[in-house]
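Q: In this note's numbering, the protein residues as written are 262 to 476. Positions of the beta carbon are idealized from the N, C-alpha and C atoms, including for glycine. From a predicted model like this one, the values you see are computed outputs, not experimental measurements. To start, I am sharing the structure in question, which I have written as structure tokens.
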């Protein structure tokens, strides 16, 4: 093993102080939140935040989220094959946090967190009424990693509140004002937003660099 630089601390996953989980969540930041609404086999609707999430594919359009442990959301999507991935905004912070409470399965987080239900267009689970952007999904697969299960869902419909849509027809980041998770009990918002175009090779050979494109 090569010597560690003097200004770094080094750990294997097994000896990381506090365990590897808080190191992952405090370092892989900010993480988008999949606020997943689902319906149980008995018809009880559920909504819960999952901060291990991303786009998994484009053709077909596919989103994924990870259930850390076998929770109600996982049981519901396995039973019904559908879910809605809602984007939570800063205005919904308290409700989103409340919906993370480990309520018993017969109670709906929509009711407990006093969230407005909005009917979906294609799938059975309701949308979160105040969510600026929503993606209705049908489960297309899953992958289990230890006690975690990554659920994949093909997007079959999407919707956005008109107020967050920019002139180009797409959501405007500042208007969406999404929430993100950090480590510990920390959350964040977007902060500064800037644009920086990817450099094409022809432009690179002409001397263009990212440092020269930023204004």
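#1: From what residue to what residue does the alpha helix (DSSP H) around residue 435 run?
#2: Near residue 400, which residues of its chain fall below 6 Å by C-beta distance, leaving aside the five closest residues on each side in sequence?
#3: Taking 6 Å as the limit between beta carbons, can you name the residues of its chain near residue 384, skipping five residues before and five after?
#4: Residue 298 and residue 387 look like a contact to me (Cβ under 8 Å); what is the Cβ gap, rounded to whole Å?
#5: Just to confirm my understanding: we take residue 287, look at its own chain, exclude 5 residues before and 5 after, and list those with CB closer than 6 Å. What are they?
#6: Can you name the residues that DSSP bridges to residue 358?
#7: Quick one: measure Cβ to Cβ for residue 291 and residue 449, integer angstroms, because I've assumed they're closer than 8 Å.
#8: Report yes if the CB atom of residue 460 is closer than 7 Å to the CB atom of residue 393, and no otherwise.
#9: Figure out for me which residue from 273, 314, 304, 370 has the closest Cα to the Cα of residue 410.
#10: Taking 7 Å as the limit between beta carbons, can you name the residues of its chain near residue 421, skipping five residues before and five after?
#11: In this structure, what does DSSP give as the bridge partners for residue 418?
#12: Let me see if you follow: with CB-CB separation under 7 Å, is residue 416 close to chain C or not?
#13: Bridge partners for residue 343 per DSSP, in chain order?
#14: Does the Cβ of residue 352 have 16 or more other Cβ atoms within 10 Å, making it buried, or fewer, making it exposed?
A: Let me spell this out:
#1: As a working note, residue 435 is residue 174 in the chain shown. Its alpha helix (DSSP H) spans residues 434 to 437.
#2: Taking the chain shown and counting its residues from 1, one reaches residue 400 at position 139. Closer than 6 Å at Cβ, skipping near neighbours: 338, 342, 414.
#3: One-based indexing of the chain shown puts residue 384 at position 123. Excluding positions up to five away in sequence, the list reads 343, 397.
#4: Within the chain shown, numbered from 1, the residue matching residue 298 stands at position 37. Within the chain shown, numbered from 1, the residue matching residue 387 stands at position 126. Confirmed, about 6 Å.
#5: Along the chain shown, read from residue 1 onward, the residue named residue 287 stands at position 26. Within the same chain, residue 287 has close Cβ partners 444.
#6: Locating residue 358 in the chain shown gives position 97, where the first residue counts as 1. None; residue 358 has no bridge partner.
#7: Looking up residue 291 in the chain shown gives position 30. Looking up residue 449 in the chain shown gives position 188. Contact holds; Cβ gap of about 5 Å.
#8: The residue labelled residue 460 in the question sits at position 199 within the chain shown. The residue labelled residue 393 in the question sits at position 132 within the chain shown. No. Outside cutoff.
#9: Residue 410 sits at position 149 when you count from the first residue of the chain shown. The residue with the shortest Cα to Cα distance from residue 410 is 314.
#10: In the chain shown, residue 421 corresponds to position 160, counting from 1. Excluding positions up to five away in sequence, the list reads 393, 394, 432.
#11: Residue 418 sits at position 157 when you count from the first residue of the chain shown. DSSP, once it has assigned bridges, lists 397 as partnering residue 418.
#12: Protein chain content of the structure displayed is limited to a single chain, and chain C is not contained in it.
#13: What you label residue 343 is simply residue 82 of the chain shown in a count that begins at 1. Paired residues: 399.
#14: Position 91 of the chain shown, counted from the first residue, corresponds to residue 352. Exposed.
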